[in-house]
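**Student:** Numbering (the working numbering), first residue to last: 1181 to 1494.
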């Protein structure tokens, strides 16, 4: 299920070799699970090439190609992280033959490996089923007693009570099995979730902020809720589903959102969460190159990843 990093993805314009002239493709290091020196600003990109969860959730497949699409766009961007930062590509986990649960467990192992070598995992999905593998690796690394706070930027709760796990069930899967996990969702849309899902949110004690209340004019209130949530937990992990963003900016997702969030606002949220000292990992999901328009969604995802990395470095 695992493949090593693909060097051909990391190419782009050359402006020079001086530090201030470099782009991401000039600084990325390829990594095949070797140990690295401890560095609080060391990041490892792990791809999760899966859209089996989306298929099971009756969505539009294609997100399995998301990791490579994001890499290609990130490679071209100017590299503006601090000098001490390190960036690795740790390869991909593939979901083959519909074996989603096995692929999620494998992703969890890769996340655990990176945390064990003092790297911050940055996971490129894949459908949002990516998150469950992300979570498995974090829980294995932290042990059962630590309180994990999950922050999801999303139009949907993904708390479905389905018989088969999918891209709509991950957070319920976590909350049903883990008494030491909490859930905060930012950007929930009233007409993106059934009443049953709002009821499930209440049942599990979830916190959320409606999309209509995530505004620049109310950003201090959102920050306060993030801070309050973080204080209740030992560690924070966070995830961005690209369908939280307005479809005009992110059309290449399984469930485009015509009333989604402004991407500049999402950038502010990502940087704020990443800068919290308790935050230890991040994933971005639901980029579907097969239905993207002029690589618009993949390009936006790459910019948001770069901004998030910068947030971690603050």
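The beta carbon of each residue, even a glycine, is placed where N, CA and C say it ideally should be. As the structure is a prediction and not an experimental result, all values here were calculated from the model.
What does the alpha-carbon distance come out to for the pair residue 1449 and residue 1434?
**Tutor:** Here the alpha carbons of residue 1434 and residue 1449 stand approximately 22 Å from one another.
**Student:** Counting pairs of Cβ atoms below 8 Å between the stretch 1311-1330 and the stretch 1411-1425, do you hit three or more?
**Tutor:** yes
**Student:** Measuring CB atoms only, is the stretch 1387-1397 touching the stretch 1345-1356, in the sense that at least three cross pairs come out at less than 8 Å?
**Tutor:** no
**Student:** Less than 8 Å between the beta carbons of residue 1261 and residue 1407, yes or no?
**Tutor:** no
**Student:** Answer yes or no: do residue 1454 and residue 1462 have a C-beta to C-beta separation smaller than 8 Å?
**Tutor:** yes
**Student:** Which whole-angstrom value describes the C-beta separation of residue 1347 and residue 1237, a residue pair presumed to lie in contact below a C-beta threshold of 8 Å?
**Tutor:** 5 Å
**Student:** When we look at the beta-carbon of residue 1492 and count the other beta-carbons within 10 Å, is it buried (16 or more) or exposed?
**Tutor:** buried
**Student:** Express the C-alpha separation of residue 1475 and residue 1355 in angstroms, rounding to a whole number.
**Tutor:** 35 Å
**Student:** What residues in its chain sit with their C-beta under 7 Å from that of residue 1288, if we drop five residues either side in the sequence?
**Tutor:** 1313, 1316, 1317, 1320
**Student:** Going along the chain, which residues of its own chain have a beta-carbon closer than 8 Å to the beta-carbon of residue 1327, five neighbours each way excluded?
**Tutor:** 1360, 1361, 1362, 1412, 1413, 1414, 1415
**Student:** Is the stretch 1266-1286 touching the stretch 1191-1198, taking contact as three or more C-beta pairs under 8 Å?
**Tutor:** The stretch 1266-1286 makes no contact with the stretch 1191-1198: fewer than 3 CB pairs, one atom from each, lie closer than 8 Å.
**Student:** Using 10 angstroms around the beta-carbon of residue 1258, count the other beta-carbons present and answer buried if the total reaches 16, otherwise exposed.
**Tutor:** exposed
**Student:** Using the rule of at least 16 other Cβ atoms within 10 Å of the residue's Cβ for burial, across every protein chain shown, is residue 1379 buried or exposed?
**Tutor:** exposed
**Student:** Could you spell out the range, first to last residue, of the alpha helix (DSSP H) harbouring residue 1493?
**Tutor:** 1476-1493
**Student:** Can the beta-carbon of residue 1221 be found closer than 8 Å to that of residue 1302?
**Tutor:** no
**Student:** Compute the Euclidean distance between the alpha carbons of residue 1441 and residue 1297, then round it to the nearest angstrom.
**Tutor:** Straight across, the Cα-Cα distance linking residue 1441 with residue 1297 is about 35 Å.
**Student:** DSSP three-state label for residue 1459, please.
**Tutor:** strand
**Student:** Count the other C-beta atoms from every protein chain shown that fall within 10 angstroms of the C-beta of residue 1255, then say buried if there are 16 or more, exposed otherwise.
**Tutor:** Residue 1255 is buried by the Cβ-count criterion.
**Student:** Distance check for residue 1340 and residue 1284, CA to CA, integer angstroms please.
**Tutor:** 18 Å
**Student:** Apply the 10 Å Cβ neighbour rule to residue 1439 and answer buried if 16 or more other Cβ atoms are within range, or exposed otherwise.
**Tutor:** Exposed.
**Student:** By Cβ distance, which residues of its chain are closer than 8 Å to residue 1215, with the 5 residues on each side in sequence left out?
**Tutor:** A caution first: residue 1215 carries a pLDDT of 49, below 50, which makes its placement in the model too unreliable to give a value.
**Student:** Considering only residues of the same chain and omitting the five flanking positions on each side of residue 1482, which have a CB-CB separation below 7 Å?
**Tutor:** 1250, 1253, 1254, 1257
**Student:** Just the Cα atoms here: how many angstroms apart are residue 1357 and residue 1376?
**Tutor:** The alpha-carbon atoms of residue 1357 and residue 1376 are separated by roughly 20 Å.
**Student:** Which residue marks the beginning of the alpha helix (DSSP H) containing residue 1246, and which one marks its end?
**Tutor:** 1246-1256
**Student:** Cutting at 8 Å between CB atoms, please list the residues of its own chain near residue 1263, excluding the five before and the five after it.
**Tutor:** These residues qualify, in order along the chain: 1199.
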